[in-house]
Ligand code: CTP
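Residue numbers (the working numbering): 1345 to 1754.
Given below as structure tokens:
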């Protein structure tokens, strides 16, 4: 689908460093460059030596806003990477080879492209392109996951014809998709800079004895995606979590284990927060008294008496300031919307994310979700299958711009 022209407006007058690395699809970066310039961006191209095996720097110099740079040392400036990195509103790497993704993920800076990537504080968008075998290699998958966790934006490749006549996943995304993604990143960057956001993630563990606990299947992926996205959009983020994964460097992580610990950390952090997102799967019950020593099989089947844990979201709802925005999750197996609406009202939250945890592509452990967003004013927005990373941005969009009233709540 063609991006709407108002989407591209975010590019007008912005400085974009376009890094081109060495793959056959480097020729398509010429089109990316032209479209960025047409949308009103100031484009500074940087080519690696490998890129110049496929396309000449002169071509980019002719189309871009300033001459193409190709070396840390050859140009008139003493330290081009810091000037480029500091002056950029956005850095785009298209195509991004497995090599540059690997170097960037591991902090290796041995040419002008990688030095600029490390020198910049601007958002970075990478558009990978490579053969299917390389795209699917665990090293590349892990490196990209690391970059995504640090807030780097990724335009995934498409499936299609590759160099040498092979067909498969790995073809550079179409130039118009890359340019639309660049505009989207720019329109978002910094839009939450005035907000302090608290996010919870993971499932709590309620001890039975020193080695056993009552837990649940939550992987924390949704909470981490929200914390990453909020930080990338400029928010000051505290993440209260039971699980540990790579996260955006500006997120402050508070590690907890039990519902009690999560309640204490979250309620304390919420006092100065503008937004609280309860994405954690908090145990509803815990053993009344954890055994001080390991329960032994020889002592027979243990009788474990349970008691309720604090309902953190309910407590947050009771204490909510008028200027605070509270987001809850409702993990449901049946009647998602109805049950989510009931929890929204009962816990006095502003936005409830109902998600279907029964289907295989939604809920626990997977990277995707099927969600419905319900707000306290009766707004209802249903999404089909989306990645958790995408859903995080959709939730934060709603936090930034609450939904217009669509009718009274039932
Ligand atoms: N929640 C919480 N504290 C609890 C239990 C849940 O803060 N002790 C929060 C969750 O983080 C989530 C929301 O409440 O944002 C709804 O959680 P969910 O498990 O779907 O619902 P429950 O209220 O626990 O009800 P039930 O398990 O009966 O569906």
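Glycine residues also receive a C-beta, built at the ideal position from the N, C-alpha and C atoms.
(request) Following the continuous alpha helix (DSSP H) through residue 1722, name the residue where it begins and the one where it ends. (result) Neither: residue 1722 is in no alpha helix (DSSP H) and is coded neither H nor E.
(request) State the start and end residues of the unbroken beta strand (DSSP E) segment that holds residue 1620. (result) 1619–1622
(message) By the DSSP assignment, the beta strand (DSSP E) with residue 1471 in it spans what residues?
(response) 1468–1472
(request) Would you list the one or two residues that DSSP bridges to residue 1363? (result) 1390, 1437
(request) Can you tell me which of 1745, 1470, 1690 puts its alpha carbon nearest to the alpha carbon of residue 1672? (result) 1690
(request) Would you kindly work out how many angstroms separate the C-alpha atoms of residue 1403 and residue 1372, rounded to a whole number? (result) 12 Å
(request) Compute the Euclidean distance between the alpha carbons of residue 1428 and residue 1464, then round it to the nearest angstrom. (result) 8 Å
(request) May I ask whether a heavy atom of ligand 1 can be found less than 6 Å away from the beta carbon of residue 1626? (result) yes
(request) Would you decide whether residue 1679 is buried or exposed? Buried here means 16 or more other CB atoms lie within 10 Å of its CB. (result) exposed
(message) Rounded to whole angstroms, what is the Cα-Cα separation between residue 1746 and residue 1461?
(response) 35 Å
(message) Taking the beta strand (DSSP E) that residue 1503 belongs to, which residues open and close that run?
(response) 1502–1505
(request) State the DSSP-derived secondary structure class of residue 1739, mapped to helix, strand or coil. (result) helix
(message) On the criterion of 16 or more Cβ atoms from any shown chain inside 10 Å, does residue 1366 qualify as buried, or is it exposed?
(response) buried
(request) Could you spell out where the beta strand (DSSP E) holding residue 1651 opens and where it closes? (result) 1650–1652
(request) Would you check if the stretch 1451–1458 and the stretch 1486–1494 touch, i.e. whether three or more CB-CB distances between them fall below 8 Å? (result) no
(message) Three or more C-beta pairs under 8 Å: does that hold for the stretch 1631–1642 against the stretch 1606–1621?
(response) no
(request) Starting from the N-terminal side, write out each stretch of the beta strand (DSSP E) that is 3 residues or longer and does not extend beyond the stretch 1632–1682. (result) 1650–1652, 1669–1676
(message) Tell me the DSSP secondary structure of residue 1357 in three-state form.
(response) coil
(request) Starting from residue 1583, trace the beta strand (DSSP E) both ways and give me its first and last residue. (result) 1580–1585
(message) Using a Cβ-based criterion (distance less than 6 Å to any ligand heavy atom), does residue 1294 qualify as near ligand 1?
(response) For residue 1294 there is no data in the structure shown, the boundaries of the chain being 1345 and 1754.
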